[in-house]
Amino acid sequence: MTENTKNETADFREDYPKFKPEMKYTHKILVPDMLPVHFGIIVNLLKKDGWDIEVLHNSTRAVIDEGLKHVHNDTCFPALCVTGQFIDALKSGKYDVEHTAVMISQSGGGCRASNYIPLIRKALKAEFPKVPVISLNFAGLEKDSGFPMNAKTLFKLAFAIFYGDTIMSLYNQTKPYEVKSGSADEAREKCVKIVGDAFDRGGYRKYKKIIRLMLERFAKVEQRKESKVKVGIVGEIYVKYSPLGNSHLEEFLLSEGCEPVVPALMDFVMYCAVNNVNDAKYYNKKSFATLLFHIVYKYLHRVQVKIIKLTEKYGFEPLHDFEHLRRCADKVINQGVKMGEGWLIPAEMAALAETGTDNIVCAQPFGCLPNHIAGKGTIRTLKAMYEYENIVAIDYDPSATKVNQENRIKLMLATARENLQAAEKEQK
Amino acid sequence: MTKFMGIDVGSTTVKVCVLSDAFEILYTSYERHFARVKECVLNQLSIVEEKFGEGLFRVCITGSAGLGLAERSGVPFVQEVQAAFTAIRKYYPDADAAVELGGEDAKIIFITGGTEQRMNGSCAGGTGAFIDQMATLLNTTVDEMDKMSLEAEKIYPIASRCGVFAKSDIQPLLNQGARKEDIAASIFQAVVDQTVSGLAQGRRIKGKVLFLGGPLYFIKGLRKAFQTTLGLDDQHAVFPENAPCFMSIGAALYAQNVEEMPLAETIKRIRDVQSQDNIVTGQPLFESVVEYDAFVARHKASDLQFEDIKTYSGPAYLGIDSGSTTTKLVLITPDCKLLYEHYQSNNGQPLDIVLERLKEIYALSQGRIKIAGAATTGYGEDLIKAAIKADFGIVETVAHFKAAVYFNPKVDFIIDIGGQDIKCFKIKNGAIDSIMLNEACSSGCGSFIQTFAKAMGMEIDAFSKLGLFAKHPVELGSRCTVFMNSSVKQAQKEGASVEDISAGLSSSIVKNAIYKVIRAKTPDELGQNILVQGGTFLNDAVLRSFEIETGKQVVRPGIAGLMGAFGAALYAKENVAGESSAITAEELKYFTYTSKSHICKGCTSHCNVNVIGFSDGRKFISGNKCEKGAGLKPHSDELDIYSYKYSRLLASVQEKEKGAKEKPRRGRVGLPLALGFYEQLPLWAGFFEECGFTVVLSEQSSRQLYFKGQHTVASDTVCYPAKLTHGHIESLLDQGVDFIFYPCESYNLDEHDSTNHYNCPVVAYYPELLKANNERLNNANFIMPYLDLNDEKSTVRALKKALSAYKLSSAAIRKGLKEGFVRLQSYYADIARKGEEILAGARKQGLPIVVLAGRPYHIDPEINHGIGKLLTSLNVAVLSEDSVFQKGKNVLLNVLNQWTYHARLYRAAEYVSEQQDVNLVQLVSFGCGIDAITTDELRSILESRGKLYTQIKIDEINNLGVVKIRLRSMLAAVEEQKRQRERV
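Protein sequence lines correspond, in order, to chains P and E.
Quick note: the first sequence uses the numbering used here, first residue 228, plus one each step.
Quick note: the second sequence uses the numbering used here, first residue -9, plus one each step.
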């Protein structure tokens, strides 16, 4: 046999622009629009650290069209949206393409999402050969183009996420019930400012104080006493949060008189950390990182529990306790399902049901691989566990029309309203 | 006295119902709206006004197209499934379930045993629109199709998930002369299967079932198919008299909850609805008539010259292109003047058309013309060639290339948009360099305009001309026809005019071709000398859209629709030697044929073989995948590693039968012959046999097996290999095994040639889905430990725990694993050895060699549909990715190389790129998200070293017609490259 025993290597890599640390001072960094509140906070804090960074908000049809042109047909929708948003922005003439970079997060899991970076590089190559693609990851990938990370920045990011989650959750709990139109929005803006100031002054780690300020601010919003249909949003991370990805799902639910319940982004961060710990437990994949992830997880969880306690004190519905989510997962699926959003999706669906949100939109890109199993595949189990569980799985796709999606959501809402009415009757 | 009114605006029809205050049905109506939703609703309302006069009504709108109307008029809306549910509870309180098929939606409502309402997802065949599309394909009406279906004798398997797939199943059946009656019934059966698998998803439809919606009311064949499949007797299958209007009745009932309003006010509100301006529009195709005339004049320049068949005498060359939907004939003189041309839709049997036209040619020429050479091409190439004894049959890509070169010798890019498919070829150094064909999700092509024109009640010519001067063509996206349908629906909802939609369709077909089929990033990638052809380009709106989108002026021959036939005629002219064998006028007079079909029992493929008997005693056999079906001696599988691997894999069970008998049997373990087991079966068979279990395999895959597990499929967009797994589980349960073993493996075996060594998410975690969706499975009979086989310690621990009921010691497990790995290594070694053998054998015989690169489970004949056999029948030796990748170098890639099986693909490509006589064909399962990444990377590896890249997408469709064209085109290109190398 002529086996390749010499371990020769053939290099098929094409050259691409790398992101060098000194570009911090020469380049503007563009970030896709995913979580409006969170990304707003993060961008602000990075700006204070000297980065020239901007969240994109372009969301016209041209974004999708650019995506369609530059990304393979069968690639998932988030890759298409993100690529489209970058290219549309770079084409707008607003940016000096000689001194602009784009940035995207990379999880490094077994899902094809880990390949977004190469896909975006390929897409940019033809028209913007000098624009580097920066990888924001914690797995040591893309060493020649990674976003420089240190413990301090990590800390800041973690707190930014906690604050973003809290603002998002409080806003969703007050907006549907506000007496004076716009008062919840005012509270949201004020809270964003509180966080901004905290990062400015360096007091961002005093989270108890900051969270309390937020709770107080939202408690001031005058609310009507009425019961509305609560609808949870779970699913693939991008379409779950990004208004561009999910055709403005939160707004749609608000316009239908519902209260959207959107689980925290921090859950996803902790999910990634726990997966590392689980790998060690399941498969002896122990390393220095395992210990680190374990410590980080413990720390984050401690903060989370305290935020939950505070939130309850002010009479708001808190975000999920991650240990509770893990217990919820165990009832439905094994925590070994760790690709994409994996076990987090059924965990969130179960946790939502246990905290009074039976109605759920499970959002995923068309043909999303992990979601076949962790999303659609678990619905039957969940329905057997919770009597009123009312889940609709929606596929997002560049050509799936809003009519089609909204009609299916409306069907879910019709059932939800009936359940709500029946529950109210029972109470009387 | 307030009355109740429900208005149901569906994708194709408007239904109105009026109820009295005591809920008696006073009036119902049903009308097609041809996309003019508002007008149609207003017309219906005026009839109601006439009948019932002014007065107070409680009105509710429902239906997919009614959403926008309701929103903007402020008339209350109720979701249609909810409306149906309301009516069911009122009129059929004892129903257990309801099935409703609409124009573009399908729904199921489960009433007893946990209420649940379901609708089809976004990828949806199996609806009224699908049936309409199929009727168009059969060139008949839905009514006729229904009548025919009742005369059916047999059912063919047809994919209904996607109209495109269904067409590719049906077209060959038509071309082979299968009975239309059988096809009609098969189409209805496909709709039923789609509903059961796509919607019921694990829940059985049983008890008293209501059938609602237009199609189920009007189409008896469809009713019959549902009743038979669900096993319902007449007491349990209920077809309400008012089924078509059922939703509107529900909406009227629902209107109890809304405020009453004078009828005149409702009418006014609907009349006042303005179309909103939030649809995206593009530039007009032509600003003025002058511009259009100049465009027409420019393209006139590329017309052929004519010669009168009634006066010409001498030799002539015949070319026939028997396409999937149309048949094309040309007859040319030796100096390429056109004597005769014909273009016609296949109304079923293309052979009849050809015979009729030949008779006409002979009659017109009155003996002056002699057919000196004839060639056939296209889907029906073999059949027509056999029937008329043509001199040559050529691959259609070669025919098109020949014709294109005639018009522009420098041509470097050809794009052909026909009725059913889009074909593009790049030309390099005088040979076809790469071929791109459309697939299911890039399927927008010519027949879509046709189907759509019909739905609008127009002829295609008139419809497409409307678009030429449209002011604001709508943007409809660029994807598959089903999606485009819903984009059109959206545009209609927003009030776009028919003109704008027509122009939008033309441009979306072009965009689909450029960005999705060719996958060009910039127009310059196409080439400098572009030639466009195919019937669809005769449509000026499409041609113009193409020029606008590419920014290039292109050549469109006047015979754009006949290029295949013209190319065939040219080929005959250039290559004929001696007398032509083509059928003579005399022979033609007495020529007849018969058509019969049967299932070949030669092997497990069970091909549907069609036999056409000619009056001179010759036979033509089609539908067979190998020589057995044609009654010939089967060719040997010697050079097909796919056949070898399959039997070698199965042989890894019970290798130690004798030795094992001495040990106490611990029980019967079932291993499903699916997904990861196509690689790891030797390991697990070795493990369990060593540990004293009897290993039971699920039966071999088949369409029947798929249907057996279909009701537990949870996600209708998952790949076919995964869907088949459900059948394998049922098979094992039926064999009464003690338990089924199916591990979850995030990580595959590390072959040390990639950044990571994951399994794809579906392969890794499918057991979770199986267990959650099959009510027969539980913790005791379905064991699915989480394993990483690279780490012995944790694997032993996990297996010990998972198999605790059988009390295996750690030592026994370690011993079992050791035996398993021995068997796995010996399996690997045998594949590598066989690969060497095939390579050497093929080289000795000078045969072309193809590495058919896929995944381990692609060796399942039900998944690869016998492509290996097809290749060997074309005299090609077949290797697999895992028989050669060890010989390839390690690779550094542009993408993240992190899946074990996919890493093999890259190395196999590296190996192939260094071998002059080996080419690579990639097998891709439809719905494989990871291959969206690997295909582009494999292409770039191969092309960077001057090799051809060919991709074959496979799904549950069982027809290799398109695959054969693709493979033959590739072989023709390889031949041409070889000739050029030899010349140099």
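Note that beta-carbon positions come from the ideal geometry of N, C-alpha and C, so glycine has one too.
- Excluding sequence positions up to five before and after Leu814/E, its CB lies within less than 6 angstroms of the CB of Pro672, Leu673, all in the same chain and listed in chain order.
- Secondary structure of Ser612/E (DSSP, three-state): strand.
- DSSP places Pro305/P inside the alpha helix (DSSP H), whose first and last residues are 304 to 318.
- Neighbours of Pro751/E in chain P, taken as residues at a C-beta separation under 8 angstroms, are given in chain order as Gly337, Cys338, Met566, Gly567, Leu596, Pro597, His599, Ile600.
- Contact annotation: Thr256/E and Val522/E have beta-carbon atoms that are not nearer than 7 angstroms.
- Against chain E, the CB of Val630/P has a partner CB under 7 angstroms away; the residue lies at that interface.
- The beta-carbon distance between Pro83/E and Val248/E, rounded to whole angstroms, is 23 angstroms. This is too long to meet the 8 angstroms contact definition.
- Leaving aside the five residues that flank Arg693/E on each side, the residues in its chain whose CB is nearer than 6 angstroms to its CB run, in chain order, Pro147.
- In this structure the segment 349 to 359 of chain E does not lie against the segment 407 to 424 of chain E, because fewer than three pairs of beta carbons, one per stretch, are closer than 8 angstroms.
- Residue pairing by DSSP places Leu521/E opposite Ile404/E, Val545/E in a beta bridge.
- Think of a sphere of 8 angstroms around the beta carbon of Arg554/P: no beta carbon from chain E falls inside it, the nearest being about 18 angstroms out.
- Against chain E, a Cβ distance below 8 angstroms from Thr236/P picks out Lys879, Asn880, Val881, Leu882.
- Neighbours of Thr302/P across chain E, judged by C-beta separation under 8 angstroms: Gly919, Ala922, Ile923.
- Judged by DSSP secondary structure, Glu827/E falls within the alpha helix (DSSP H) whose first and last residues are 800 to 835.
- Boundaries of the beta strand (DSSP E) around Thr366/E: 359 to 367.
- Taking 7 angstroms as the CB threshold, Ala819/E stays off the interface with chain P.
- The shortest C-alpha to C-alpha distance from Ala364/E to any of Thr890/E, His848/E, Tyr561/E, Asp122/E is the one to Tyr561/E.
- Contact annotation: Ala328/P and Ile361/P have beta-carbon atoms nearer than 7 angstroms.
- Excluding sequence positions up to five before and after Val320/E, its CB lies within less than 6 angstroms of the CB of Gly309, Glu331, Leu552, Ala555, Phe556, Ala559, all in the same chain and listed in chain order.
- Contacts with chain E at 7 angstroms (Cβ-Cβ) include Phe239/P.
- For the alpha helix (DSSP H) assignment, the uninterrupted runs of no fewer than 4 residues enclosed by the segment 38 to 110 of chain E are, from N- to C-terminal side, 56 to 63, 70 to 81.
- Per DSSP, the unbroken beta strand (DSSP E) holding His332/E starts and ends at 328 to 335.
- The Cβ-Cβ distance between Asp136/E and Lys210/E falls below 7 angstroms.
- Among the residues of the segment 782 to 813 of chain E, those with a Cβ less than 7 angstroms away from any Cβ of chain P are Lys783, Ser784, in the order of the chain.
- Three or more Cβ pairs closer than 8 angstroms define a contact, and the segment 869 to 881 of chain E falls short of that threshold against the segment 701 to 717 of chain E.
- Three or more pairs of CB atoms, one per stretch, sit closer than 8 angstroms, so the segment 899 to 913 of chain E contacts the segment 877 to 887 of chain E.
- At a cut-off of 7 angstroms between beta-carbon atoms, Asn854/E makes no contact with chain P.
- In the DSSP assignment, the residues bridged to Tyr939/E are Leu910/E.
- Close partners of Lys349/P in chain E (Cβ separation under 8 angstroms): Asn884, Asp926.
- For Pro252/E, the uninterrupted beta strand (DSSP E) segment begins and ends at 250 to 252.
- Contact with chain E is found for His299/P, since one of that chain's Cβ atoms lies less than 7 angstroms from the residue's Cβ.
- Of all residues in the segment 698 to 731 of chain E, only Ala704, Ser705, Thr707, Val708, Ala712 come within less than 8 angstroms of chain P when Cβ atoms are compared, listed by chain position.
- The count of Cβ pairs closer than 8 angstroms, one atom from the segment 614 to 634 of chain P and one from the segment 586 to 594 of chain P, reaches three, so the stretches are in contact.
- In the three-state scheme derived from DSSP, where H, G and I count as helix and E and B as strand, Asn561/P is classed as coil.
- In the displayed model, Gln591/P falls within a strand according to three-state DSSP.
- Contact between Pro252/E and Leu32/E is ruled out by a C-beta separation of about 16 angstroms, above the 8 angstroms threshold.
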